[in-house]
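Written below as structure tokens is the structure these notes are about.
There are 2 protein chains.
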Amino acid sequence: MKGIRQLAKHLDISIGTVSRALNGRPDVNEETRKRVLAAAEELGYVANQSGRSLRQGTTNVIGLMIESSKETVENSDNFFLGVTGGLQSVLSRHKLDLLMLPCPNDEDPHEYLKRMVARRVVDAMIISATQRVDQRIDLLVKAKIPFVALGRSTSGGSHTWIDLDFEGVAACAVDRLVAKGHRRIAIAAPSNDINLGYIFVDAYRQSLERHGIAYDPSLVIRVKSSEQGGYQAGHEMLRLDSKPTAIILIYELMAIGLYRRMNEAGIIPGRDLAVIGFREEPRGKFLQPSLTCFRMSLRDLGVELAETLLATMPAYAEHYPKGARNTIWPLELVPGESDAFSLNA
Amino acid sequence: MKGIRQLAKHLDISIGTVSRALNGRPDVNEETRKRVLAAAEELGYVANQSGRSLRQGTTNVIGLMIESSKETVENSDNFFLGVTGGLQSVLSRHKLDLLMLPCPNDEDPHEYLKRMVARRVVDAMIISATQRVDQRIDLLVKAKIPFVALGRSTSGGSHTWIDLDFEGVAACAVDRLVAKGHRRIAIAAPSNDINLGYIFVDAYRQSLERHGIAYDPSLVIRVKSSEQGGYQAGHEMLRLDSKPTAIILIYELMAIGLYRRMNEAGIIPGRDLAVIGFREEPRGKFLQPSLTCFRMSLRDLGVELAETLLATMPAYAEHYPKGARNTIWPLELVPGESDAFSLNA
DNA sequence: ACGCTTTCCGGAAACGTTTTAGTATGGCAA
DNA sequence: TTGCCATACTAAAACGTTTCCGGAAAGCGT
Chain E
386 MKGIRQLAKH
396 LDISIGTVSR
406 ALNGRPDVNE
416 ETRKRVLAAA
426 EELGYVANQS
436 GRSLRQGTTN
446 VIGLMIESSK
456 ETVENSDNFF
466 LGVTGGLQSV
476 LSRHKLDLLM
486 LPCPNDEDPH
496 EYLKRMVARR
506 VVDAMIISAT
516 QRVDQRIDLL
526 VKAKIPFVAL
536 GRSTSGGSHT
546 WIDLDFEGVA
556 ACAVDRLVAK
566 GHRRIAIAAP
576 SNDINLGYIF
586 VDAYRQSLER
596 HGIAYDPSLV
606 IRVKSSEQGG
616 YQAGHEMLRL
626 DSKPTAIILI
636 YELMAIGLYR
646 RMNEAGIIPG
656 RDLAVIGFRE
666 EPRGKFLQPS
676 LTCFRMSLRD
686 LGVELAETLL
696 ATMPAYAEHY
706 PKGARNTIWP
716 LELVPGESDA
726 FSLNA
Chain Z
386 MKGIRQLAKH
396 LDISIGTVSR
406 ALNGRPDVNE
416 ETRKRVLAAA
426 EELGYVANQS
436 GRSLRQGTTN
446 VIGLMIESSK
456 ETVENSDNFF
466 LGVTGGLQSV
476 LSRHKLDLLM
486 LPCPNDEDPH
496 EYLKRMVARR
506 VVDAMIISAT
516 QRVDQRIDLL
526 VKAKIPFVAL
536 GRSTSGGSHT
546 WIDLDFEGVA
556 ACAVDRLVAK
566 GHRRIAIAAP
576 SNDINLGYIF
586 VDAYRQSLER
596 HGIAYDPSLV
606 IRVKSSEQGG
616 YQAGHEMLRL
626 DSKPTAIILI
636 YELMAIGLYR
646 RMNEAGIIPG
656 RDLAVIGFRE
666 EPRGKFLQPS
676 LTCFRMSLRD
686 LGVELAETLL
696 ATMPAYAEHY
706 PKGARNTIWP
716 LELVPGESDA
726 FSLNA
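Those protein sequence lines, which keep their order, are chains E and Z. So the number in the working numbering is just where the residue sits in the first sequence, counting from 1, plus 385. So the number in the working numbering is just where the residue sits in the second sequence, counting from 1, plus 385.
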């Protein structure tokens, strides 16, 4: 006989009243409520989550599904840790807890999510690293679990998602390079099955065409999103017959590898080749020459994610006016020295 | 009337039998068990976690508490994501789920953990970033929650922990430098309240004395664990009257900043100054000259953590022979060019 | 035919909480 | 007085599951 029953007996009060007092229900005398709260504090009572979840059918837990694949671990640069800060700050206001669910890399993400959903351990989900077609989205829609996807997708009809402004970034980078007289602009990107790779390269193509520059597939260098990938991209670039005068990197870390390869070839970024990176990360600042890239606030993104999610949850929607179902998250240009190389007179 | 009851009715069988069939209890006919499993699969039934937790008093969830402070986000280099891979691989064998609990950075970690424990949402805990004295440990001991700490601590009497072999690393680094004739060896470390800073510097001191070299406090440069810290360490070092000929960096990332400062001063690491870093991280390989440092497998550490934890849990201990309660996790030297500078004839 | 064990299953209690429905009390108006 | 409403409480049901207990049926030896 532990838990609320003990607390009730200690106060010589029924457990129903204790429960209502703790949950801030109106029909309880203010005097008694004070006594209850005091006693709970004193005895260190906190409601058992299983009991309350069972009764209410709600767990007060928001799931954040991430993958812990080898690639993610090496490249994502604490992206999630940064985002969780913002998530927490919003969720904790509503006494919601954030549950990071790292999908085992030997398990199918879809199956993993299915099990989690069926067990009813979360009230809502945030999924990340969405694929072009993603079963998980259909699953969540069917199960009627509120969710928001970090990354756009074509699955599941019209669902809520937030994604980075790849189009804007690509356009900005291309515009900037073209303004400096560049016509042969390479791009280093992951393969097309990664959403990012597809969207980014497509935006790059459109931007080029807007400037009347023909899209040349040989300038699209498909490499891993890593320093090694950057090194390899540099290598591939040097082997082209007609060498590009500028290159856009989808992953910031590629810059380290690219610089190294250029260094080996006696090519100095910023002087002989214009380089623009994508997402800023702290250590990029230490590159020489400093990298022109794009900045975003991970924390603010987390806040936006949380608020968007809450807007889709009936119990919380009142506080969060339903904005757009789909949000494009802007990034800000951080000018550096790496794209100083200009072909203009 | 959902859940197991519905399943039972569909099979025209009592719910007790269904439950026993699903949970692999012996006293159920193999024929019926097959029927039950088939029906469960077909109807997509998965036991509600709240119900089962409430009844069993166990949640099948292992909590991993991490901090998402700004500093952690920028410096920890996906340490946790790497470790979770190993954790998962062990835990999933026992149908245990891993719950990452990122402590909001505006909340006291101790209070946060206390609430989580009181709500009975986890069966066991892994805590990280332990302090020299850490309230959380006393809390877990008192609450009788099985746990293992990543990082040693003096709190809570004798509890289970795993920590990196700072002593071994410090000794190896000092030995190596001394063998090359260095006598004035600096060290860049965080402050003493960080466990790591205290232990590492202490081991460094002992190693020096073992070689008959007097410990010189002015050679201990206290800086942030970041590239900026490395830059600053280089700066401080240059201001010393009697300049060191070698330096040990506690954080790998410091090397980037240090190199930059040395570069500015016209000092070439590996030729004019011997540098040894600590924990290897992938992008360190791209430094020039390549950094001598120490390697560990994050995944294996995760496996060790999980197995150690399970050994302390009565329900699982049988499979995991109780080894040492405290483990020192070894690191392996990765020779590079940065400490090539030798004072020997 | 009888008793005994084994095998399998059904009924019901229990886990800790929230919430609904009902009840006692007192104040107030008629 | 009676009736009525508001207040603050109690009692009990319900959430979905596991597990204990008992019992029916079947097998087996005597």
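Here a beta-carbon is modelled for each residue, glycine too, at the ideal position from N, C-alpha and C.
Within the 7 Å Cβ cut-off, does VAL506(Z) reach chain E? Taking a beta-carbon distance threshold of 7 Å, VAL506(Z) counts as an interface residue toward chain E.
Among VAL506(E), PRO629(E) and LYS387(E), nearest to THR444(E) - alpha-carbon criterion: The closest CA to that of THR444(E), considering only VAL506(E), PRO629(E) and LYS387(E), is found on VAL506(E).
Helix or strand or just coil, what does DSSP make of SER592(E)? helix
Span separating the alpha-carbon of LEU549(E) from that of ALA534(E): 12 Å
Identity of the residue in ASP724(Z), TRP546(Z), GLY471(Z) and ASN463(Z) nearest ASP657(Z) by Cα: ASP724(Z)
Shorter than 6 Å, the distance from the beta carbon of GLY471(Z) to the closest heavy atom of the ligand COA, or not? This structure simply doesn't include the ligand COA, nor any ligand for that matter.
In its own chain, which residues sit with a C-beta less than 8 Å from the C-beta of HIS395(Z), not counting the 5 before and 5 after it? Hits under 8 Å: ALA424 and LEU428.
Alpha helix (DSSP H) segments (min. 4 residues) lying fully within the stretch 611 to 651 of chain E: Segments of the alpha helix (DSSP H) lying fully in the stretch 611 to 651 of chain E: 612 to 623 and 639 to 649.
Buried versus exposed call for PRO578(E) [16 or more other C-beta atoms within 10 Å across all chains shown]: The question names Pro, but residue 578(E) is Asp in the sequence shown. With fewer than 16 Cβ atoms within 10 Å of its Cβ, ASP578(E) is classed as exposed.
From the beta carbon of MET485(Z), is the nearest beta carbon of chain E less than 7 Å away? yes
Contact with chain Z by GLN434(E), beta-carbon distance below 7 Å: yes
With a threshold of 7 Å between beta-carbons, can GLN473(Z) be considered close to chain E, or not? yes
Neighbour list for GLY429(Z) in chain E, Cβ cutoff strictly below 9 Å: LYS499 and ALA503
Would you say GLY470(E) lies against chain Z (beta-carbon separation less than 7 Å)? Interface annotation, GLY470(E): in contact with chain Z, CB-CB separation under 7 Å.
Secondary structure of ARG561(E), DSSP reduced to three states: Looking at ARG561(E) - three-state DSSP - the assignment turns out to be helix.
Could you name the residues of the stretch 689 to 711 of chain E whose beta carbon sits closer than 9 Å to any beta carbon of chain Z, in the order they occur along the chain? none
Apart from the five residues just before and just after ARG684(E), which ones in its own chain have a Cβ nearer than 6 Å to its Cβ? Listed in chain order, the non-local C-beta contacts of ARG684(E) below 6 Å within the same chain comprise GLY470 and GLY471, local neighbours out to five positions each way being set aside.
Continuous alpha helix (DSSP H) stretch holding ALA425(Z): start and end: 415 to 428
Of the residues LEU484(E), TYR701(E), PHE663(E) and LEU422(E), the one placed nearest ILE451(E), counting alpha carbons only: LEU484(E)
Reference ILE606(E); option with closest CA among ALA588(E), ASP587(E) and ALA573(E): ALA573(E)
Where GLY536(Z) and PHE551(Z) are concerned, what is the direct C-alpha to C-alpha distance, given to the nearest angstrom? Each residue's alpha carbon lies about 11 Å from the other.
Determine, for PRO715(E), whether the minimum Cβ-Cβ distance to residues of chain Z falls below 7 Å. no
Measure the alpha-carbon distance for LYS609(Z) versus LEU593(E) and round it to whole angstroms. 44 Å
Assuming the contact rule is C-beta atoms closer than 8 Å, VAL554(E) and THR539(E) should be a hit. Round their C-beta distance to whole Å, please. With 8 Å as the limit, VAL554(E) and THR539(E) do not qualify as a contact, their Cβ atoms being about 21 Å apart.
Counted within 10 angstroms of its Cβ, other Cβ atoms place GLY655(E) as buried (16 or more) or exposed: buried
Measure the CB-CB distance between HIS495(Z) and GLN516(Z) and report whether it falls below 7 Å. no
Determine whether the Cβ of LEU466(E) lies closer than 7 Å to any Cβ atom of chain Z. yes
N-terminal and C-terminal residue of the alpha helix (DSSP H) that PHE465(Z) is part of: DSSP places PHE465(Z) inside the alpha helix (DSSP H), whose first and last residues are 464 to 476.
Step through the CB atoms of chain E and report whether any lies within less than 7 Å of the CB of ASN463(Z). yes
Counting contacts by CB-CB distance shorter than 7 Å, is PRO489(Z) in contact with chain E? yes
The beta strand (DSSP E) that contains LEU604(E), what's its start and end? From DSSP, LEU604(E) is part of no beta strand (DSSP E); its letter is neither H nor E.
Own chain residues within Cβ distance below 8 Å of ASN729(Z), not counting five before or after: LYS565 and GLY566
Following the continuous beta strand (DSSP E) through ASP482(E), name the residue where it begins and the one where it ends. That run of the beta strand (DSSP E) goes 482 to 488.
Quick check on DSSP: helix, strand or coil for ARG410(E)? coil
What residue from LEU524(E), ASN414(E), PRO487(E) and PRO674(E) has the CA that sits closest to GLY542(E)'s CA? Answer by Cα proximity: LEU524(E).
What span of residues does the beta strand (DSSP E) with MET510(Z) cover, start to end? 509 to 513
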